[in-house]
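What follows is one structure encoded as structure tokens, with my remarks underneath.
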Amino acid sequence: MVPTAGKKWVMDAINRSWRCCKCRFKKNHYYAYETDELRWKWKPDTILVPQFRDLLKYWECEKIEQQEDPNKQEPSQTKVYKESRKRTHGRTYLTDDEKTREYIEKMNALESAQHGEGDNSKDPYSQVIPEPKRKSRVRLVGSGVTKNDVKKRDKGSGLIFPEEMKADLVKQLMPSLATAI
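Residue numbers for the sequence shown follow this note's numbering, so the first one is 12 and each next one is one higher.
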């Protein structure tokens, strides 16, 4: 039914929807009840029995529970940076990772210093990685224009009329103004 050109997109959309749906079901029908008997008693009608059975088995699996963060917190930027920049030994890469290694070493040093002090409030990522320079852009005005540029611009209407057009308008409006006064 789906053309081959759109099959990947359709499958990705279905997978995303199913993941979101599973997350909602886990929150509303797994965490909400203490035992499997209660979960089966309040099973949603929209999920088939075999699917619900598989989901319960999956959610009770110890490996899955170990993978999940017990505090359900988002990973820190430092952790994401380190995990996303791991390199496989012996593989060749297009980019050089000297700067990345340097940043990771600095983050590790800051983390160890923070653990020694007991202060975990600051993420080392924000202290090590410089903030990117943002390109200035104002909506509906264009790139390269900042808000200050717009404020500094002449407070007039910004419209430029040719002198001939102004003269024609004055000639047309003068008789009506003279009669109104």
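Beta carbons are placed, not taken as given, at the ideal position from N, Cα and C, and that holds for glycine.
- One Cα belongs to Pro143, the other to Thr157, and the distance between them is close to 17 Å.
- In this structure, Phe36 is the residue among Phe36, Glu45, Lys74, Thr46 with its C-alpha nearest to the C-alpha of Gln62.
- Comparing alpha carbon positions, the residue from Arg64, Glu175, Lys90 closest to Lys33 is Arg64.
- Between the alpha carbons of Leu188 and Asp160 lies a distance of about 38 Å.
- Spanning the alpha carbons of Tyr104 and Trp20 requires a straight line of approximately 29 Å.
- Counting only the Cα atoms, Glu85 lies some 22 Å from Lys117.
- Leaving aside the five residues that flank Arg50 on each side, the residues in its chain whose CB is nearer than 7 Å to its CB run, in chain order, His40, Tyr41, Tyr44, Leu67.
- Nearest to Val139 by C-alpha distance, out of Leu121, Thr15, Ser28, is Leu121.
- Going by DSSP, Lys18 is part of the alpha helix (DSSP H) stretching over 15-36.
- In the three-state scheme derived from DSSP, where H, G and I count as helix and E and B as strand, Trp53 is classed as coil.
- Thr89 places its beta carbon less than 8 Å from that of Pro135.
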